[in-house]
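Written out below as structure tokens is the structure these notes cover.
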Amino acid sequence: MRKITLAILTLLLVSCSETKMLQLSLRKYNSSIAYLHDSPTLNCPRNKQVSVNIHNTPLDTVTSVSKLSSLVLPFIIFDYFDTQMKVKLGQSSIQEDYTDFFTGSLTDESKRSGCFSVTDQIPNDSVYTLDLTIDSCNTISKYRKNFTFMFLLIAYTYSYSESGSPAETNLQVSAKFSKGSSLIYEKKYSIKRTQPFINPSRWNSNKLRADFTTNMVEGLSLSTKECIEQIVADINTSLYGSARPVMQIEQAPGTANQVQEVLPVEEEQPTVTEKKSTPKDGSVKNQLRVGDNVKFYNFKLNNYQTGVVKEIKDETIIIEYVSFGKIKIEEVNKNEIKQL
Numbered sequence: 035m036r037k038i039t040l041a042i043l044t045l046l047l048v049s050c051s052e053t054k055m056l057q058l059s060l061r062k063y064n065s066s067i068a069y070l071h072d073s074p075t076l077n078c079p080r081n082k083q084v085s086v087n088i089h090n091t092p093l094d095t096v097t098s099v100s101k102l103s104s105l106v107l108p109f110i111i112f113d114y115f116d117t118q119m120k121v122k123l124g125q126s127s128i129q130e131d132y133t134d135f136f137t138g139s140l141t142d143e144s145k146r147s148g149c150f151s152v153t154d155q156i157p158n159d160s161v162y163t164l165d166l167t168i169d170s171c172n173t174i175s176k177y178r179k180n181f182t183f184m185f186l187l188i189a190y191t192y193s194y195s196e197s198g199s200p201a202e203t204n205l206q207v208s209a210k211f212s213k214g215s216s217l218i219y220e221k222k223y224s225i226k227r228t229q230p231f232i233n234p235s236r237w238n239s240n241k242l243r244a245d246f247t248t249n250m251v252e253g254l255s256l257s258t259k260e261c262i263e264q265i266v267a268d269i270n271t272s273l274y275g276s277a278r279p280v281m282q283i284e285q286a287p288g289t290a291n292q293v294q295e296v297l298p299v300e301e302e303q304p305t306v307t308e309k310k311s312t313p314k315d316g317s318v319k320n321q322l323r324v325g326d327n328v329k330f331y332n333f334k335l336n337n338y339q340t341g342v343v344k345e346i347k348d349e350t351i352i353i354e355y356v357s358f359g360k361i362k363i364e365e366v367n368k369n370e371i372k373q374l
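In the numbering used here, each residue's number is its place in the sequence shown (first place is 1) plus 34.
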């Protein structure tokens with residue numbers, strides 16, 4: 035009976051310092067924050083350079099543990115202890131420096147889904163600049179310890195278990211994309227993700243805590259990947275008007291038609307040499323009707339455009355046409371229209 039009493043008193047004292055013991059234990063485990071390279075690779079020119087700057091260190095230095103709740107029922111023949119703790123991921127649980135990981139992963143992603151290259155060149159008027167501030171980088175999870183002891187006069191029984199919960203990541207990043215002194219876009223990215231914990235309970239506490247730490251790091255890694263993919267897509271859109279620019283490539287005779295993902299750089303397109311012809315007076319005025327297909331020269335695009343007549347006025351015609359996937363309206367002089 036004396037031994038049992040001493041055991042119960044020991045457990046009571048231990049329950050009061052669970053958070054410190056768990057925090058010291060978790061310091062023994064860390065994990066690599068690898069980046070998952072599964073995005074499609076774009077075949078496009080990457081001659082435009084972007085300098086990336088991260089202006090802060092977002093993570094706490096060490097992984098910390100705090101108590102959420104505790105239940106202690108110390109009776110003579112029945113004792114129950116239950117402690118739930120919150121674990122917040124810190125840099126000490128990650129093998130790589132997180133800021134370096136963010137920059138390196140952005141560089142790797144630009145080589146796959148980006149149509150630009152990341153450079154360490156000092157920013158100037160010819161280099162784009164991406165300034166990032168990581169406003170929030172919190173990955174938390176719950177850890178639970180449970181102990182039950184029952185004394186049955188001539189015998190006793192007990193059970194003990196530890197378990198971990200899914201990791202929840204809240205990542206918020208502020209971005210400013212500019213060239214020289216001209217701001218191109220400014221945006222805040224907010225990523226919230228829950229990483230399931232596949233093995234929530236183990237008898238081997240060392241294995242459990244190692245898996246628990248790895249799961250938190252994986253949750254942060256996947257959240258970072260999602261944020262970086264959004265940033266790369268926005269840079270593509272800012273530079274070229276599309277998150278995934280595509281262009282039909284002319285194939286050699288006898289080869290199958292293929293569509294390769296290539297950036298359509300408008301300033302490098304060949305100049306249209308077709309001359310504008312003016313129809314004879316009355317050839318269009320007297321024949322066109324609403325709904326007819328026509329061809330006209332679009333000075334904004336420096337090219338001929340086809341469209342549909344929507345309205346006929348005295349000297350001009352309202353034409354509806356499609357440009358870059360959007361329906362647009364243009365008012366054109368009748369003498370500048372060719373009927374198809």
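Just so you know, even glycine gets a beta-carbon here, dropped at the ideal spot from N, CA and C. Quick caveat, the model's predicted, so the values are computed rather than measured.
### Query
From what residue to what residue does the beta strand (DSSP E) around Glu-202 run?
Looking at the DSSP string, the run of the beta strand (DSSP E) that includes Glu-202 is 201 to 213.
### Query
When you compare each of Pro-230, Phe-181, Ser-276 to Ala-201 by their alpha carbons, which one comes out closest?
Nearest C-alpha to Ala-201: Pro-230.
### Task
May I ask you to list the residues that DSSP assigns as paired with Gly-198?
Per DSSP, Tyr-177.
### Query
Ile-361 to Gly-341, Cα distance in whole Å?
Computed Cα separation, rounded: 10 angstroms.
#### Entry: Contact belief for Ser-139 with Thr-258 at Cβ below 8 angstroms, rounded distance in angstroms
That belief holds up - the Cβ atoms of Ser-139 and Thr-258 are roughly 7 angstroms apart, short of 8 angstroms.
### Message
Considering only their Cβ atoms, is the gap separating Val-207 from Ile-168 smaller than 7 angstroms?
### Response
Yes, the pair counts as a contact, with Cβ atoms nearer than the cut-off.
### Span separating the alpha-carbon of Ile-225 from that of Leu-242
Roughly 27 angstroms between the two C-alpha positions.
### Message
The alpha helix (DSSP H) that contains Asp-137, what's its start and end?
### Response
One detail in the question is off: residue 137 reads as Thr in this sequence, not Asp. From DSSP, the alpha helix (DSSP H) with Thr-137 extends over 132 to 144.
### Task
Just tell me which of Thr-95, Arg-146, Asn-367 has its CA closest to the CA of Pro-79.
When the alpha-carbon of Pro-79 is set against those of Thr-95, Arg-146, Asn-367, the nearest one is in Arg-146.
### Task
Assign Asn-327 to buried or exposed, taking buried as 16 or more other Cβ atoms, counted over all protein chains shown, within 10 Å of its Cβ.
Looking at its Cβ environment, which holds fewer than 16 other Cβ atoms inside 10 Å, Asn-327 is exposed.
### Message
Let me make sure I understand the geometry here. Which of Ile-371, Ile-353, Asn-369 has the alpha-carbon closest to that of Ile-363?
### Response
The residue with the shortest Cα to Cα distance from Ile-363 is Ile-353.
### Message
Can you look up Asn-64 in the DSSP assignment and give me helix, strand or coil?
### Response
Looking at Asn-64 - three-state DSSP - the assignment turns out to be coil, as it is neither helix nor strand.
### Query
Between which two residues does the alpha helix (DSSP H) harbouring Phe-246 extend?
239 to 274 is the extent of the alpha helix (DSSP H) around Phe-246.
### Message
In the DSSP assignment, the beta strand (DSSP E) including Arg-1 goes from what residue to what residue?
### Response
The first residue shown for the chain is 35 and the last is 374, placing residue 1 beyond what the model contains.
### Message
I need the DSSP call for Lys-368, collapsed to helix, strand or coil.
### Response
If DSSP states are grouped into helix, strand and coil, Lys-368 belongs with the helices.
### Query
When the Cα atoms are used, what is the spatial distance from Lys-54 to Asn-158?
Distance between the alpha carbons of Lys-54 and Asn-158 is about 50 angstroms.
### Query
What are the start and end residues of the beta strand (DSSP E) that includes Ser-51?
No beta strand (DSSP E) contains Ser-51, which DSSP labels as neither H nor E.
### Query
Considering only C-alpha positions, which residue in the set Ser-151, Tyr-132, Ser-212, Val-343 is nearest to Glu-252?
The residue with the shortest Cα to Cα distance from Glu-252 is Tyr-132.
### Query
Is the distance from the Cβ of Phe-150 to the Cβ of Val-84 below 7 angstroms?
Yes, the Cβ-Cβ distance between Phe-150 and Val-84 is below 7 angstroms.
### Message
Could you compute how far the alpha carbon of Ile-351 sits from the alpha carbon of Gly-275?
### Response
CA-CA distance, Ile-351 to Gly-275, rounds to 29 angstroms.
### Task
Mind reading off the beta-carbon distance from Ser-175 to Phe-246? Whole number of angstroms is fine, and I expect it under 8 angstroms.
Beta-carbon to beta-carbon, Ser-175 and Phe-246 are separated by about 7 angstroms, close enough to satisfy the 8 angstroms threshold.
### Query
For Ser-126, which residues from the same chain have a beta carbon less than 8 angstroms from its beta carbon, with the 5 sequence-adjacent residues on both sides left out?
Within the same chain, Ser-126 has close Cβ partners Arg-61, Asn-64, Thr-95, Val-96, Thr-97.
### Query
Roughly how far, in whole angstroms, is the beta-carbon of Gly-198 from the beta-carbon of Tyr-177, given that I think they are within contact range, below 8 angstroms?
Taking C-beta atoms under 8 angstroms as the contact rule, Gly-198 and Tyr-177 qualify, at a distance of about 6 angstroms.
### Extent of the continuous beta strand (DSSP E) run through Val-84
In the DSSP assignment, Val-84 falls within the unbroken beta strand (DSSP E) covering 83 to 88.
#### Entry: Neighbour-count burial assignment, Gly-288, 16 or more Cβ in a 10 Å radius
For Gly-288, the pLDDT reaches just 48, beneath the cut-off of 50, and the residue's location in the model is therefore unreliable, although a value from the coordinates is still provided. Exposed.
### Task
Could you spell out the range, first to last residue, of the beta strand (DSSP E) harbouring Ser-151?
In the DSSP assignment, Ser-151 falls within the unbroken beta strand (DSSP E) covering 151 to 153.
### Message
I need the boundaries of the beta strand (DSSP E) containing Tyr-331, first residue and last residue.
### Response
Run containing Tyr-331: 327 to 332, per the beta strand (DSSP E) assignment.
### Task
Out of Thr-91, Glu-130, Ser-51, Val-343, point me to the one whose CA is closest to Ile-67's CA.
Closest by alpha carbon: Glu-130.
### Task
Take Thr-368 as the anchor and find which of Val-356, Lys-210, Val-343 has the nearest alpha-carbon.
Residue identity check: residue 368 is Lys in the sequence provided, not Thr. Taking only the C-alpha atoms, the option nearest Lys-368 is Val-343.
#### Entry: Glu-370 to Cys-261 span [Cα, whole Å]
Rounded to whole angstroms, Glu-370 to Cys-261 spans 48 angstroms at the Cα level.
### Query
Nearest-angstrom Cα distance between Ala-286 and Lys-329?
Low local confidence applies: a pLDDT of 44 at Ala-286 is under 50, so the model's placement there is unreliable, with the coordinate-based value given in what follows. C-alpha separation (whole angstroms): 29 angstroms.
### Beta-carbon gap between Asn-34 and Ser-170 smaller than 7 angstroms
The shown model of the chain, from 35 to 374, leaves out residue 34, and the question about it has no answer.
### Message
Rounded to the nearest angstrom, what separates Ile-179 and Glu-52 at their Cα positions?
### Response
The question names Ile, but residue 179 is Lys in the sequence shown. Linking Lys-179 to Glu-52 through their CA atoms gives a straight-line distance of about 9 angstroms.
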